[in-house]
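There are 2 protein chains.
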Amino acid sequence: MSKILAVGTVAFDEIITPFGKTGKILGGSASYISLAAQKLIDDIGIVSVVGSDFPENYLQKFISRGIDISGIEKLENEKTFYWKGRYHNDLNRRDTLVTEVNALAHFNPVVPDDYRDAEFLMLGNLHPALQKAVINQMKKRPKLVALDTMNFWMDTAWDELMQVLKLVDILIINDEEARQLSKDYSLVRAAKTIQQKGPKYLIIKKGEHGALLFHDKDIFFAPALPLEDVFDPTGAGDTFAGGFIGRLAKLEDIGFEAMKSAVICGSNLASFTVEEFGTQRLENLNKTEIKERLQEFIHLTQFEIELV
Amino acid sequence: MSKILAVGTVAFDEIITPFGKTGKILGGSASYISLAAQKLIDDIGIVSVVGSDFPENYLQKFISRGIDISGIEKLENEKTFYWKGRYHNDLNRRDTLVTEVNALAHFNPVVPDDYRDAEFLMLGNLHPALQKAVINQMKKRPKLVALDTMNFWMDTAWDELMQVLKLVDILIINDEEARQLSKDYSLVRAAKTIQQKGPKYLIIKKGEHGALLFHDKDIFFAPALPLEDVFDPTGAGDTFAGGFIGRLAKLEDIGFEAMKSAVICGSNLASFTVEEFGTQRLENLNKTEIKERLQEFIHLTQFEIELV
């Protein structure tokens, strides 16, 4: 079976929603990506950085699930990246209250030897130069390189972002980011523009409105599962990415049909993440629950119609 | 084959979009509903009202397609209902510039004898008392009564709306209307509340974000087709309703599986309507185009995944 290398933040989040608030809890893109992918495949390694304040029991959440953390560097005399945010009532918008970059400012990703031959590389949202540095450390070109980014890097590191985009197979971003990256409001036209920048595949996440997968002239759409209540959207996008790449690594197939089912797996896992604060729901999620909800996705989307 | 009775406005629209503007063109809910349903079934009658200014060549659009207009009353000394609106750049929002109710203020719907036994009744957006008056004229309970309404009637005719809702099988409204009707932001909870008001089935249209079909615990979702450009969204919702009921009338089946394919047919036809101003695209649409786009919907949404 294939290996996944997940690169991104392992961090503290503090979250306020209309339903409640947390203290400093486990957050970060690499946390969600790896915990989600672990539902589908065994061999996952993380490359990230934390400070000396990062609690052992948070690292144990990865270790106990067989996730390799030898690539998580612990910087002495530094604190862990910390984000605090408050969601609006509709949970579609949020305000950042605090961002402390801390240890992340000194992040110099080093891929452990055991993962330099990983077939699947998921580059979580980070400075594009760091994302590129990771690609360069791989012994051979992975079967699939997926990348997430955000508006901030488009504003502050455009050239580096363009460079790394040329090296990746699939870009996974949200609708706002796709619009900014392409300078086009229409997502279909945005997808064409973005595919010309390097990635042959593109996923545009639309939050509660689902996700679109683009490749050449092919488009696939997966809805988000309609939920009575979204409790905390934090990490939904990274969970999606983890479920997506986990599915492809399990199938060892990167064709469009495989990617369709991977988008569904990503949406499926993301639908759990939003049900509780932080990584909580993902941590206690079992295979029966995943399978049952997959059945719900099938009921939700599959239909029969004659073409005559 | 079944008969459809479509009740609603036959009117003048004047439309301004970022891409251009029209003069007074054919509009109105019954126009879109009947022109869409006519792609799927032959026997459709309209009940509506126009003024003496309504041009013969607009009526010919219906007549030449075999749509029965004996239920369109022409009021002498009255002008036809007229709406003028301007869409914002994103085409998701619009401002009403002019509404002249005109002949519609005197509308007293009379169902022609030939259509009092229609098996499928589509009540377009009108005062709920008029919608009820139509139901009461039917010789026997239609196989399916579908109803559209809007926020305006929730604000001004709540009690009459509640009365007519008890008489219908399916309500077809948009997300904002569902939220106002249920007083709940969550569409899943809104659907439960609305089903308790009468309609056993509910469709919530989300514009470019697709449509949800609810029945008991069953949910089906159909995306809107991702388009490079939406040219004019006017009439998309009514086209959806016409395609939906047209499909059910063709199948003579009102089970949930049939409704799923009907939602797809509605989305399919609506994806054409938005490509040109007014009813233009719907008028010149042929069966091959519809079939090809149906294939696109299948590619867009259907996937294979093992459940083990």
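Line by line, the protein sequences are chains H and L.
Positions in the first sequence are counted from 1; adding 5 to them yields my numbering.
Positions in the second sequence are counted from 1; adding 5 to them yields my numbering.
All C-beta atoms, glycine included, are put in the ideal place defined by N, C-alpha and C.
Residue i, enclosing beta strand (DSSP E) - first and last residue
i                     : result
residue 22 (chain L)  : 16-22
residue 128 (chain L) : 125-128
residue 226 (chain L) : 223-227
residue 178 (chain H) : 175-179
residue 209 (chain H) : 206-210
residue 219 (chain L) : 216-220
residue 92 (chain H)  : 87-92
residue 202 (chain H) : Neither: residue 202 (chain H) is in no beta strand (DSSP E) and is coded neither H nor E.
residue 105 (chain H) : 99-105
residue 80 (chain H)  : 73-80
Contact set for residue i: own chain, Cβ-Cβ below 7 angstroms, skip 5 residues either direction
i                     : result
residue 114 (chain L) : 12, 52, 135, 138 and 139
residue 304 (chain H) : none
residue 85 (chain L)  : 16, 17, 55, 56, 58, 59, 107 and 108
residue 142 (chain H) : 116 and 121
residue 47 (chain H)  : 6 and 71
residue 2 (chain H)   : Here chain H covers residues 6 to 313 and nothing more, so residue 2 (chain H) does not appear.
residue 102 (chain L) : 89, 90 and 91
residue 167 (chain L) : 202
residue 5 (chain L)   : It is not possible to answer for residue 5 (chain L), since the shown part of chain L is limited to 6 through 313.
residue 74 (chain H)  : 51, 64, 67 and 68
Contacting residues, own chain, Cβ-Cβ under 6 angstroms from residue i (five flanking each side not counted)
i                     : result
residue 104 (chain L) : 88
residue 243 (chain L) : 34, 37 and 38
residue 235 (chain L) : 96 and 279
residue 187 (chain L) : 195, 198 and 199
residue 70 (chain L)  : 43
residue 112 (chain H) : 54
Beta carbon of residue i nearer than 7 angstroms to that of residue j
i                     : j                     : result
residue 241 (chain H) : residue 9 (chain H)   : no
residue 155 (chain L) : residue 250 (chain L) : no
residue 223 (chain H) : residue 20 (chain H)  : no
residue 22 (chain L)  : residue 92 (chain L)  : yes
residue 176 (chain H) : residue 133 (chain H) : no
residue 202 (chain H) : residue 180 (chain H) : no
residue 50 (chain L)  : residue 76 (chain L)  : yes
residue 263 (chain L) : residue 153 (chain L) : no
residue 277 (chain H) : residue 290 (chain H) : yes
residue 265 (chain L) : residue 261 (chain H) : no
residue 283 (chain L) : residue 68 (chain L)  : no
Residue from the options with nearest C-alpha to residue i
i                     : options                       : result
residue 147 (chain L) : L:207, L:259, L:303 and L:229 : L:259
residue 193 (chain H) : H:166, H:213 and H:221        : H:221
residue 110 (chain L) : L:82, L:101 and L:120         : L:82
residue 4 (chain H)   : H:245, H:218, H:217 and H:213 : Because residue 4 (chain H) is not part of the residues shown, which for chain H are 6 to 313, the question remains open.
residue 150 (chain L) : L:166, L:282, L:77 and L:170  : L:170
residue 24 (chain L)  : L:74, L:291 and L:281         : L:281
residue 218 (chain H) : L:112, L:94, L:306 and L:29   : L:306
residue 131 (chain L) : L:100, L:145, L:125 and L:165 : L:165
residue 312 (chain L) : H:311, H:292, H:312 and H:310 : H:292
residue 299 (chain H) : H:283, H:310 and H:252        : H:252
residue 190 (chain L) : L:172, L:173, L:297 and L:209 : L:209
residue 173 (chain H) : H:296, H:64 and H:129         : H:129
residue 118 (chain L) : L:296, L:145, L:178 and L:286 : L:145
residue 26 (chain H)  : H:78, H:239 and H:310         : H:239
residue 79 (chain H)  : H:94, H:61 and H:178          : H:61
residue 178 (chain L) : L:168, L:207 and L:94         : L:207
Same chain, Cβ closer than 8 angstroms to residue i, neighbours up to 5 away in sequence not counted
i                     : result
residue 248 (chain L) : 41, 42, 44, 45, 267, 270, 271, 272, 273, 274 and 275
residue 215 (chain L) : 226, 227, 228, 229 and 272
residue 301 (chain H) : 230
residue 288 (chain L) : 40 and 66
residue 182 (chain H) : 154, 155, 156 and 159
For residue i, the first and last residue of its enclosing alpha helix (DSSP H)
i                     : result
residue 37 (chain L)  : 34-42
residue 113 (chain L) : Premise fails: residue 113 (chain L) is in no alpha helix (DSSP H) and is neither H nor E.
residue 46 (chain H)  : Counting along the chain, residue 46 (chain H) falls outside any alpha helix (DSSP H), and DSSP gives it neither H nor E.
residue 68 (chain H)  : 61-68
Query - Whole beta strand (DSSP E) elements within the region 248-305 of chain H, 3-residue minimum - result: As far as the region 248-305 of chain H is concerned, it has no whole beta strand (DSSP E) run of at least 3 residues.
Query raised in the report: Along the chain, which unbroken stretches of the alpha helix (DSSP H) at least 4 residues long are found entirely within the region 135-176 of chain L?
Result: Correct list: 156-161 and 163-170.
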